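**Student:** Numbering-wise (full-length UniProt numbering), the sequence shown opens with residue 46 and increments by one. Structure below; questions to follow.
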Amino acid sequence: ASTSTNQNIDKSQAVWKDGQTDGEKPVSRQEKKRSYILSMFPYPSGSLHMGHVRVYTISDVLARYKRMKGYNVLHPMGWDAFGLPAENAAIERGADPGVWTTQNISNMKEQLTGMGVCFDWRTEFMTCSPSFYKHTQKLFLMLHNCGLAYQAEATVNWDPIDKTVLANEQVDSDGKSWRSGAVVEKIQLKQWFFRITAFQDSLLRDLDALDKHDQWPERVLTQQRNWLGKSSGAKIKFGVCIEGSPWVQVTVFTTRPDTLFGVQYLALSIRHPIVQDLAHRLPKLRDFLSRAATLPPNSKEGFLLPGVQAINPIDIVAPDGVQVEKLPVYVAPYVLSGYGEGAVMGVPGHDSRDLSFWRQQNPSNIVYVVVDATHDPVSIRTVTSGSELPEALVHPGVLNERCGPYAGMKSDKGGKQIIADLQSRGQLASTADSWRLRDWLISRQRYWGTPIPVVHCQSCGAVPVPEDQLPVELPKLDDSVKGKKGNPLEQIESWVNTTCPTCRQPAKRDTDTMDTFVDSSWYFMRFPDPQNAKQPFSKEAAEAWLPVDTYIGGVEHAILHLLYARFIYKFLSSEGLLPQYQKRENFPVEPFTRLISQGMVHGKTFSEPATGRFLHPSEVDGAETANPMIKRSGLRPAITFEKMSKSKHNGVDPSVCIAKWGADATRAHILFSAPVSEILEWDEEKIVGIQRWFARVAKVVDMCYKGSSSNGCEKTDFGDLWVRCEKAPLTVEILNAPDHDLKNFSPRDLDILLLVASTVSSVNHTLEHNVYALNTIISDLIKLTNKLLEVSDVVIDQSLLLWATSALLRMLAPIAPTFSEECWATLQQDPKISVWCDHHWPGSNKFIFQTPFPSSPLTPEAQTLLQSQWKSVN
Ligand code: ANZ
Ligand code: ZN
């Protein structure tokens, strides 16, 4: 049999295209089981890297598997095509970013095809084409309509030499511009935000459902939760006495009401109303305030307000005999005016910011009220300033005896109790949560992005562009802007100047474009309906395909992309554009039912043992063998696996690898080398192992072929096997075999039968429930191959061998599509027959062993297996 691994790609893909296995349009209302398998779409940087090869191999295996099971599969591909690299290439080389992007896309598309990945190219789009970003702008308008897109001032990085705004990635670690080298300034600019905080509750709550169904990796769930960062807190009222004035109340926001007994002062922000009031009377305070405005927020300076004292509200509920202490009140720039209540209860013992402030203001005692429950019971630590540096004990624990009636309670319980008691005495303003999540700043002062569809008019303000005037198209760049600094959009006057949609007076377009994360926040909803000119997608298409069943991508997108996509999905669902039901009962509105995050690919790295200098592979003899040697010294190089980078000379070009080893071997090797979520150490030295395995598969196929022709065995319908075992002598009936004959199977035959059964059930289990262990499929199939090779030259039932081999090839097909296709043609003795045309993915539950199972002479393993199979049917 001819079994080269790389020449038949076109055939297996042609079958796909002809629609023999997937003849339906992406939008289909046909009652067929559907599966939407999506891998994160790439940025068209120019060429694929090994990380791409890994992720698309995984998604291709899952998609092909589902297709073979008879599902109608959506496995789409598109391009995340806006962004800085294209813009920079444009400015530097005078190339049009659109042209640069499309060139890259055609190159990468060719590479993907060479990998043997079967995407449905009918769905292809790029986010930079007007027919796509028209709908991104529509999304903006919808959010704007709902009050979820708004403008506010925000701080940006400003390059004073290039006079341009910089993305964070363009600012070096020493705070200088990557291009001009100028020290980057922070300036305030009016920018657009999406109000993601309006959805924070469901964004947090629904993570629990994903967790419960075990569909998302724990690591990602934790990162999402931390990013949302909900902390439950309370607003507590403190009585404040200002000499010569009536009592007033100051409310503070705290997340640690359990530390109330440890309060040693109050601190107010410089904009607090009381402070502003007092400033009229106190010239020294005025001086301080004007100086404080220029201090950094981490400054520990403060101003003690004379004649002002506060009373801890807990003293009102404290037992008799506790002395009511008067607390000093400070003005301090470290208290932010825009957060909480602009006032803080200072707890130096348990908050590090409070501690460093307190140590600067007042060298007196530090009060500790919460002790670490796991430590020894030295409960009160009152540290005076001295040789030993005090530290804040920031973790929750157990309340100590300073806390009166609450002593001995755990932090959370004590905190709740304190709040309840304050409430009953009217000292509680409210309970309140605080979130780490901030609204999403989407404005970019850049050219190569989706224009924000807004016109600024002197009399009407910011006016959204009416929907029927979308898309607001990016103007072409002409030579006048090439090589210029700043945002080219601002310089194209013919584009900037327009008329106000409301009053028809002259007005100016918004020159900001949207963060590219906006494009990727909804692209997956477009794939089911990529040609729709009127809407982002039709409701029917959404109902047919959403949510995505399996989403595969790198862990670097664990936070922002997924959070934004979840937000926009929830928003569109709340607008009635998405199905309200989910495929799974009691499942919340979430865009990605199952998430698979794959690990990085690290490259084999050589270095000089003595100096640690990284070696170029050309400095090493036998770099791909087990015994590399440094050419110059004859010594063995140190070998490590590290993130691929130019400086380490450890990058691997997928095209070179595929040209050398074939797409199928590359795919199998990448799957076999590591479990999906773990770092993959790319070591080409081991790919020969895969090649040898393929050679063994080919040999099995050859033997089958010879065997079957010499026996005059008819072509078998390789459907699932229904088996009945009779009492000794062992007979097994293949119930759906063409002849329905009772066959006398030897114990050896039965061994094979059982090994196939257990392999099928293990492979199925992995593909359905344990995708992270895809590597085990390869070892399962290797084991089966070895067994078949071992028995194929001794006498076993030929139709059984044929059937076993057919199962092997069918399970191999999603992994090594081209190779298995060729083997299949050999086995079938007919090159026109495709492994893909056959919807018979071997199904484990169809091995029905009917009673009674035999007691001997099977091997013990075979007996156990047979028994368990038998039980599962009964
Ligand atoms: C007392 C306390 C004791 C606090 C303790 C913390 C630990 P997050 O979690 O980030 O929301 N805080 C409140 N308002 C503030 C403001 N305007 N400027 C600066 N800090 C402010 O932080 C909430 C905590 O930040 C609050 O809880 C408060 O300090 C402080 F052992 O209250 B805490
Ligand atoms: Zn107007």
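Backbone N, C-alpha and C define an ideal beta-carbon position, used for all residues, glycine too. None of the values given here were measured: they were computed from a predicted structure.
Looking at A131 and W493, is the spacing between their C-beta atoms short of 8 Å?
**Tutor:** Yes, these two residues count as a Cβ contact at 8 Å.
**Student:** Quick check: what's the CA-CA separation for K772 versus A858?
**Tutor:** A caution first: K772 carries a pLDDT of 34, below 50, which makes its placement in the model unreliable, though a value can still be read off. Going from the Cα of K772 to the Cα of A858 covers about 36 Å.
**Student:** Tell whether a beta-carbon distance below 8 Å holds between N133 and G91.
**Tutor:** No, the pair does not count as a contact, with Cβ atoms beyond the cut-off.
**Student:** For a test of the three-state rule: what should DSSP assign to F637, helix, strand or coil?
**Tutor:** Three-state result, F637: strand.
**Student:** Measuring only the C-alpha atoms, how far is P624 from E635?
**Tutor:** Taking the straight line joining both Cα atoms gives about 11 Å.
**Student:** Among W881, D747, A870, whose alpha-carbon lies nearest the alpha-carbon of T830?
**Tutor:** That would be D747, whose Cα lies nearest to the Cα of T830.
**Student:** What's the C-alpha gap between P496 and P87?
**Tutor:** For P496 and P87, the distance between alpha carbons rounds to 21 Å.
**Student:** Suppose you measure from the CA of T863 to the CA of G161; what does that come to, to the nearest Å?
**Tutor:** Rounded to whole angstroms, T863 to G161 spans 8 Å at the Cα level.
**Student:** Could you name the residues of the same chain whose beta carbon sits closer than 7 Å to that of C173, not counting the 5 residues immediately before and after it, in chain order?
**Tutor:** So the qualifying residues of the chain are A126, F127, G143, T146.
**Student:** Taking only the alpha-carbon atoms, compute the straight-line gap between K329 and L186 and give it to the nearest angstrom.
**Tutor:** K329 and L186: Cα-Cα distance of roughly 50 Å.
**Student:** Please check the pair L248 and L273, which I expect to be a contact at CB under 8 Å, by giving their CB distance rounded to whole angstroms.
**Tutor:** Indeed they touch by this definition, with Cβ atoms about 6 Å apart.
**Student:** Taking 7 Å as the limit, tell me which residues put their C-beta closer than that to any heavy atom of the ligand ZN, in chain order.
**Tutor:** This selection yields C502, S504, C505, V508, C545, T547, C548, Q550, A552.
**Student:** Taking 7 Å as the cut-off, does the CB of V320 come closer than this to any heavy atom belonging to the ligand GTP?
**Tutor:** The ligand GTP is not part of the structure shown, which contains the ligand ANZ and the ligand ZN as its ligands.
**Student:** Note down the Cα distance separating K458 from K688, rounded to an integer number of angstroms.
**Tutor:** Taking the straight line from one Cα to the other gives about 46 Å.
**Student:** DSSP state of K104, grouped into three classes?
**Tutor:** The sequence given here places Ser at residue 104; Lys does not occur at that position. Note: S104 maps to helix in three-state DSSP.
**Student:** If contacts are defined as beta-carbon pairs under 8 Å, then L444 and V414 qualify, I think. What distance do you get, rounded to the angstrom?
**Tutor:** With 8 Å as the limit, L444 and V414 qualify as a contact, their Cβ atoms being about 6 Å apart.
**Student:** If I measure Cβ to Cβ from H602 and keep anything under 7 Å in the same chain, skipping five residues before and after, which residues do I get?
**Tutor:** So the qualifying residues of the chain are M85.
**Student:** Using DSSP with H/G/I as helix, E/B as strand and the rest coil, what is E436?
**Tutor:** Of the three classes helix, strand and coil, the one that applies to E436 here is coil, per DSSP.
**Student:** The beta strand (DSSP E) that contains C502, what's its start and end?
**Tutor:** It spans 499 to 502 - the beta strand (DSSP E) in which C502 sits, taken as one unbroken run.
**Student:** So what does DSSP say about F739, is it helix, strand or coil?
**Tutor:** Reduced to three states, the DSSP call for F739 is helix.
**Student:** From A589 to T638, what does the alpha carbon distance come to, in whole angstroms?
**Tutor:** So the alpha carbons of these two residues sit roughly 15 Å apart.
**Student:** Where are the beta strand (DSSP E) runs, 3 residues long or more, that stay fully inside the UniProt domain "Aminoacyl-tRNA synthetase class Ia" (482 to 600), in chain order?
**Tutor:** Correct list: 499 to 502, 506 to 509, 542 to 544, 551 to 554, 593 to 599.
**Student:** Tell me, which residues are paired with V118 by DSSP?
**Tutor:** V118 pairs with S80.
**Student:** Between A337, R336, P373, which lies nearest to G352 when the distance is taken from Cα to Cα?
**Tutor:** Looking at the Cα atoms, P373 is the closest of the given residues.
**Student:** What are the complete alpha helix (DSSP H) segments, minimum 4 residues, inside the segment 822 to 846?
**Tutor:** Counting only runs of 4 or more, we get nothing.
**Student:** T561: beta carbon under 7 Å from a heavy atom of the ligand ANZ?
**Tutor:** T561: no, Cβ never under 7 Å from the ligand ANZ.
**Student:** Rounded to whole angstroms, how far is the Cβ of L400 from the Cβ of P441, which I believe are closer than 8 Å?
**Tutor:** Not quite, the Cβ-Cβ distance comes to about 17 Å (not below 8 Å), so this is no contact.
**Student:** Return yes when the Cβ of K282 is within less than 8 Å of the Cβ of A465, no when it is not.
**Tutor:** No, they are not a contact pair.
**Student:** Leaving out five residues on either side along the sequence, give the residues of the same chain with a beta carbon under 6 Å from the beta carbon of W706.
**Tutor:** Hits under 6 Å: I732.
**Student:** Quick one: is the Cβ of H395 within less than 7 Å of any heavy atom of the ligand ANZ?
**Tutor:** Answer for H395: yes, Cβ within range of the ligand ANZ.
**Student:** Could you check whether the Cβ of Y451 sits closer than 7 Å to any heavy atom belonging to the ligand ANZ?
**Tutor:** Result no, Cβ not under 7 Å from the ligand ANZ.
**Student:** DSSP three-state call for H189: helix, strand or coil?
**Tutor:** Helix.
**Student:** Does P373 come out as helix, strand or coil in the three-state DSSP assignment?
**Tutor:** It is a strand residue.
**Student:** Flag this pair as yes or no: are the beta carbons of P509 and H189 separated by less than 8 Å?
**Tutor:** Contact: yes.
**Student:** Are the beta-carbon atoms belonging to T850 and F572 less than 8 Å from one another?
**Tutor:** Not in contact: T850 and F572 (Cβ atoms no closer than 8 Å).
**Student:** Going by C-alpha distance, which of D557, D513, A388 is nearest L534?
**Tutor:** The candidate whose alpha carbon is nearest that of L534 is D557.
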